[in-house]
Each structure stands twice: as C-alpha cells, then as structure tokens.
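Residue numbers (the numbering used here): 158 to 238. The C-beta atom is built at its ideal place from N, Cα and C for all residues, glycine as well.
#1: On the three-state DSSP scale, how would you describe residue 204?
#2: Excluding five sequence neighbours on each side, which residues of the same chain lie with their C-beta closer than 7 angstroms to the C-beta of residue 212?
#3: Could you tell me whether the Cβ atoms of residue 200 and residue 215 are closer together than 9 angstroms?
#4: To the nearest angstrom, report how far apart residue 174 and residue 168 are at their CA atoms.
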C-alpha cells in the first residue's frame, strides 16, 4: 500500500475525523426530524399545491444548530420538542 501525507494525517487524526462525521450525521438526523415535524401538521391543513410549495421550502432549509428552531418558534405556533 502506498502511503501519502494524507494517509498519515488521517491515521494521526482518525478519532477527531470520526467524531466530526458522527456530529455531522447526528445534526443531519436532527434537521430531518425537525423538518418532518413541521411538514406533518401542514399536510392536513393545506391543499396539495400550497403544501408542495411549503414542503420544497422546508426541505431546502439547512441552517446551523438552533437557528431553524428559533426561526420556527419565532414565526409559528408549532411546538417542537
């Protein structure tokens, strides 16, 4: 196997890299859960076409931790737990 500086760096920092990926995927799961909580009540309230527009907007949201919840809580009555 050919060793490169990149390979050495990965070996030396493997734990930090794995922790970073774990944090990233945990955050993505959290965002997906919040998006689903937003869309579920809207689906029954809105006709199909407006719901699709709202769904597209919500699916495109990708905000740092805490900002999405703050945005929702500031502008709606949806309770997120």
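The short version:
#1: coil
#2: So the list reads 196, once near-sequence residues are dropped.
#3: With contacts defined by Cβ atoms closer than 9 angstroms, residue 200 and residue 215 do not form a contacting pair.
#4: 10 angstroms
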